Amino acid sequence: MGIKKFRTHYEEFELDLTPLLAIIMKLVPVLVISSSFLQLTQIETDLPQVVKQAIEDQNKNPDKLAKIKIIVDDAKTMNVVVTKDDATDTASIPAKGDTLNLVALNAKLVEIKKKNPSVFKIELAPSDSLSYSEIVTILDGSRKSNTSDEFTFVDPKSGKEVKTDFLFPEIVFNNIFQ
Amino acid sequence: MARRKRYTPEVNKKTALMVNVTSLTDMFTVILVFLLQTYNTSEVQIEPPPDLRMPTSQSEGVLTQGLEMTLSKESLSIGKEVLAQVNGKDFAANDKDPKDPNFIPALFKSLEKTAKETTVKAVKDGQILLIADRELPYAVIKKVMYTASMAGFPQVKLITSSQ
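Protein sequences appear in the order of chains A and B.
Throughout the first sequence, residue numbering follows this note's numbering, covering 1 to 178 in sequence.
Throughout the second sequence, residue numbering follows this note's numbering, covering 1 to 163 in sequence.
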């Protein structure tokens, strides 16, 4: 009678990681070369098709919808002017210390958007002294709501109600030729 | 007096030398994940000058093709060609048109030439990718936009860094 040798599950086994390491060593230089450590974005972007259609519709019928204009003066006070059917409503948002009050601007724009859900375009007239980074923050604040609100508007093509989180994605600098 | 024998550890010379690569593999896996996250899939590659600080934006727009224009606190340039000098707050007086201070003649000429010679559709359509310093006042950017639109480049896309 032979003596049985039992193998215990405590025996260690070595996993050969060398091929995996070889692959990683080849991948790393490729990825290092093609990586961009500074993520760049651009501000005019492609919009959802329905929103694009609504903007085109607004451009075709400029008098039908409200006109919204943000005028920023040297003291960084933002005046939001809404013109509809010959009536003009102006709201003034004073600066918060030395900086623009973007929270108040966003809240005001949400309020305007709720009243005018089909409007997607606004005009911006910053003062000459306003810095480029401040202009970009205004563009960001005008594009989407800080509180992730959704707005319902009628798609001009299908006639159905559509929800969007965009406030005013199309911004036109209207004082370039002044 | 007997000399004391130096201690030498016992080494089995018959066994093969095994390098433990587990920790090295761990490290490379972490690096690989990081590099995969930063991997750039955009068709447009922009390298801003080292002295230029772009504004940050919440925009998630992917870069599209267009004519790259750099506006730093010192100069306005397209590619390596410097078109006008900037003194931080405005263009140099000799770079502006004396009759129209918003007009930059050198920029206009360069854009006109580019529009005629280019084969890139986006550039023909009048798309500009503006890489500008975040501290520049709107007065400087306005002059670039004004001249660009006069030269048939009405679509100015503002390049920003992601937040």
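Glycine is no exception: its CB is placed at the ideal position from the N, C-alpha and C atoms.
The structure displayed is predicted, hence computed values, not measured ones.
Do residue i and residue j have their C-beta atoms closer together than 8 angstroms?
i, j, result
"S119/A", "L65/A", "Position check: residue 119/A holds Val in this sequence, whereas Ser was assumed. In contact: V119/A and L65/A (Cβ atoms closer than 8 angstroms)."
"L32/B", "L27/A", "yes"
"K121/A", "F168/A", "yes"
"I141/B", "Y132/A", "yes"
"L129/B", "G66/B", "yes"
"S57/B", "Q163/B", "yes"
"S148/A", "L35/B", "no"
"I68/A", "F28/B", "no"
Looking only at its chain, what residues have a beta carbon closer than 8 angstroms to the beta carbon of residue i, apart from the 5 residues adjacent to it on each side?
i, result
"K124/B", "A115 and T118"
"L105/A", "I70, M78, V80, I93, I138, G141 and S142"
"V211/B", "Residue 211/B is absent from the structure shown; chain B starts at 1 and stops at 163."
"D98/A", "K76"
"R53/B", "D133, R134 and E135"
"S110/B", "I78, E81 and L83"
Using a Cβ-Cβ cutoff of less than 7 angstroms, which residues in the same chain neighbour residue i once the five nearest sequence positions on both sides are dropped?
i, result
"K143/B", "F91, N102 and I104"
"L17/A", "none"
"D95/B", "A84, Q85, I104 and A106"
Buried or exposed: where does residue i fall if 16 or more other Cβ atoms within 10 Å of its Cβ makes it buried?
i, result
"A151/B", "buried"
"K113/B", "exposed"
"P9/B", "exposed"
"V32/A", "exposed"
"D133/B", "buried"
"I135/A", "buried"
"T147/B", "buried"
"E161/A", "exposed"
"I176/A", "buried"
"S59/B", "buried"
Given residue i, which residues of its chain have a CB within under 6 angstroms of its CB, disregarding the five upstream and five downstream residues?
i, result
"M145/B", "V156"
"N146/A", "N106"
"T45/A", "Its pLDDT being 40, under 50, T45/A is placed unreliably in this model, and the value from its coordinates should be taken loosely. Answer for T45/A: no residue qualifies."
"E68/B", "L129"
"L124/A", "I70, I171 and F173"
"D73/A", "S127"
Could you round the C-beta distance between residue i and residue j to whole angstroms and report it? I think they count as a contact, below 8 angstroms.
i, j, result
"L130/A", "P137/B", "7 angstroms"
"T41/A", "T160/B", "6 angstroms"
"V144/A", "D165/A", "Reading off the sequence shown, one finds Lys at residue 144/A, where the question assumed Val. That belief holds up - the Cβ atoms of K144/A and D165/A are roughly 6 angstroms apart, short of 8 angstroms."
"A84/B", "A106/B", "6 angstroms"
"L21/A", "L24/B", "6 angstroms"
"T64/B", "V44/B", "7 angstroms"
Handout entry: beta strand (DSSP E) runs wholly inside the stretch 11-48 of chain A, at least 3 long, in chain order
Key = 40-42
Handout entry: Positions along the stretch 99-120 of chain A whose CB lies within less than 7 angstroms of some CB in chain E
Key = In summary, chain E is missing from the structure at hand, where the protein chains are A and B.
Handout entry: beta strand (DSSP E) runs wholly inside the stretch 124-149 of chain A, at least 3 long, in chain order
Key = none
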